[in-house]
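Reviewing the structure listed below.
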Amino acid sequence: MHRKKSSELGFPGFVFPDTSGKQHALASAINGLDYGSSSIWSTSTIEGYLKQHNMTEARLNDMAIRNLIGYYYVNLDNGTQPLTAEQDAYVDVRGNYAKLIRSHGSKSMALLKNENNALPLNKPHKMAIFGSHARAAIAGPNMEFSVEGSSPVYDGHLATDSGSGQGSLPYLITPETAFTIKAAQDGTMLHWVANGFARNLNLRLVVNNTGHAFAVKASGKGGLTIWTHFLKDKEYYPSFKAANGYTGPAINFGSVVQVFEAYEFAKSVGHFVVGGEAVPLNRELNVFWMLRGGGGSTIGVVTSLTVNALASIGKTTTVTFNFTVHGTPGPDSFWSAVKAYLDHFETFVDAGTYGYYYIGASSAEIGTTYKGDTNYYFRMESHYAWVEAFPREYVGTDVGKTASRLLPRNVFQSDDLRDQTWAAYKDAVEQCSSSPASTSAELASPSNHQQIPPSTQHAMTHIIVGSEWYFTSTWDVVKSQTFFVTEWMDVLRKIAPDSGAT
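Note that the UniProt record's numbering gives residue 360 to position 360 of the sequence shown, counting from 1, and the numbers run on in steps of one.
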């Protein structure tokens, strides 16, 4: 908090807690609390911190200045102020103080940075308010409403004057009031649910974006869903200054812009961007839970993000090839070609390529009327070629099972392990019920970020095996195909026991 208020926010005021509103004396002092309240700090406590070098004089000076700056800012040092004030002293507030209070309050309590002029709202067709604290306050104005302890809110609303023994506020604009006024001005349809039903029923919050599950499985059933599919805005900034010191071209994407859309837009403005799968989070780690789109630890909703717009790299080499059993002298020749590809995995990866290939059986060989590929084939694609060179793929299905395994470099350095991998591929396809697919690449350099397990850091390829059936298949068929995927994956576990899955 100290770093943010001093640098990023440029906040000149001071931060102080109510009674029992702090957890640790030293941690509170060095991390941004400017006033200790009650007995948490004393002169001897601060002196001890300074002597032990747990706290710097610069931080103490910063605290002192922040505590006193308001006194001098409003000219209370002009010599006309009484030493003490009577408890019931009357102050006439019939001037234009309402406007001043609202102005200062809104500036000091803003929780959202108004980037890209997102606020004020631009006459939306619909708006919705959720939560019991969105409604009007239950007491006010100027009615007695005592609050005990260290609550930073007044009846659920963030307020400038909260704390122990307070009275109700003379000026308090609730979300319901603000949105009602705005909706009336713009002709917006306003909905609200203000009974806290999600909390009362212990419903989980799920952000419904473009789907973060590989097989597009629904994860929001029975929960409170926030639909974000229309956050598709894209804006290019030739010169952007970021908080981390970066200055240069950048692109702001709505959080639901898909990677192929990002590539296309970047290309249209003469740049390219790197897809989100390439860079791990290494600062502000909690943002991970917001970016991933859902789960039990959803702490917020990402509406947009700004990324570095890299200079165009010009030409990109794309290599594709495919072959079938019918296009070769026979099955043995086909599988010899597949083996040759696996034998050169290290060469391809060390050359800096990104490959993607698929080996599958035709619908006739699988024994269903599922419309799959009519022949065996595989192909290799370069990373940036996804923009135009190849059609988009749709992986999700509710009539199939998938499993995956990461295989490290040592598998492809060993003739025996490489042969076992090739034999596993051949077995899967020849049983006509499964189709292995894979990507081949490797991290550019070792990483010690906690989000990346060793199995991922050292992986050279990601093997995926899937088994599908028809909508009318019996449960025996479903069970058989499911077991096959599990048993086939056991083969890869034996090949790379120290690796993992994704």
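Idealized CB from N, CA, C, for every residue including glycine.
Which residue or residues does DSSP assign as beta-bridge partners of residue i?
i, result
"N252", "E235, T306"
"V319", "Bridge partners of V319: none, in fact."
"V257", "V257 pairs with nothing; no bridge assigned."
"residue 505", "Absent from the structure is residue 505, since the part of the chain shown begins at 1 and ends at 502."
"T228", "According to DSSP, which records beta bridges pairwise, T228 is partnered with nothing at all."
"F272", "L310"
"L190", "M127"
"N208", "W227"
Could you round the C-beta distance between residue i and residue j to whole angstroms and report it? I think they count as a contact, below 8 Å.
i, j, result
"T328", "A340", "The pair is not a contact, with the Cβ atoms about 12 Å apart (cut-off 8 Å)."
"V411", "A496", "6 Å"
"M127", "F197", "Not a contact, Cβ separation roughly 19 Å."
"P408", "M489", "P408 to M489, Cβ: 16 Å. No contact."
"S239", "G248", "7 Å"
"T456", "L406", "6 Å"
"A309", "I251", "5 Å"
"G245", "V259", "Not really, about 26 Å apart at Cβ, beyond 8 Å."
"I464", "S404", "5 Å"
Please classify residue i: is it buried, with 16 or more other beta-carbons within 10 angstroms of its beta-carbon, or exposed?
i, result
"A428", "buried"
"D77", "exposed"
"G187", "exposed"
"D350", "exposed"
"R493", "exposed"
"V74", "exposed"
"D34", "buried"
"V319", "exposed"
"R199", "exposed"
"I359", "buried"
"S268", "exposed"
"G32", "buried"
"F321", "exposed"
"G367", "Because the pLDDT at G367 is just 41, under 50, the model does not fix this residue reliably, and the value given afterwards should be weighed accordingly. Exposed, by the Cβ-count rule."
"A183", "buried"
"P82", "exposed"
"P331", "exposed"
"Y357", "buried"
"E148", "Only weak support is given to the placement of E148: the predicted model assigns it a pLDDT of 46, under 50, and the value that follows is read from those uncertain coordinates. When all chains shown are included, E148 counts as exposed."
In chain order, what residues of the same chain have a beta carbon less than 6 Å from the beta carbon of residue i, not counting five sequence neighbours either side?
i, result
"E203", "The question names Glu, but residue 203 is Leu in the sequence shown. Within the same chain, L203 has close Cβ partners G223, L224."
"V273", "A262, A266, V307"
"K401", "S467, T482, V485"
"Q450", "Because Q450 carries a pLDDT of 48, less than 50, the predicted location of this residue cannot be relied on, and the following value inherits that uncertainty. Correct list: empty, nothing qualifies."
"H191", "A128"
"residue 517", "Given that the chain is displayed from residue 1 to residue 502, the structure contains no residue 517 and the question cannot be resolved."
"V491", "A424"
"T80", "none"
"D233", "G254"
"Y237", "A250"
Spatial neighbours of residue i within its chain, please: C-beta separation below 8 Å, excluding the five flanking residues on both sides.
i, result
"I46", "A29, M55, L60"
"G270", "S312"
"I69", "P12, G13, F14"
"T303", "A118, T228, L231, G254, S255"
"W335", "W422, K426"
"V478", "W469"
"A25", "G36, I40, W41, T45"
"N67", "F14, D34, Y35"
"M63", "F14, A29, D34, Y35"
"E176", "I129, A134, R135, A136, W192, A194"
If we cut at 8 Å on Cβ distances, does residue i have a partner in chain B?
i, result
"F484", "In the structure shown, chain B cannot be found, because there is only a single protein chain."
Might you give, ordered along the chain, the residues of its own chain that have their beta carbon closer than 7 Å to the beta carbon of residue i, omitting 5 neighbours on each side?
i, result
"F471", "V399"
"Q420", "I495"
"P124", "T188"
"E57", "L50"
"residue 503", "Beyond the ends of the chain as shown, which are 1 and 502, falls residue 503; an answer cannot be given."
"F345", "F412, S440, M460, T461"
"G131", "A194, G196"
* Considering only residues of the segment 321 to 352, which uninterrupted alpha helix (DSSP H) runs meet the minimum length of 4 residues and lie entirely inside it, listed in chain order? -> Listed in chain order, the complete alpha helix (DSSP H) runs (minimum 4 residues) inside the segment 321 to 352 are 331 to 343, 345 to 350.
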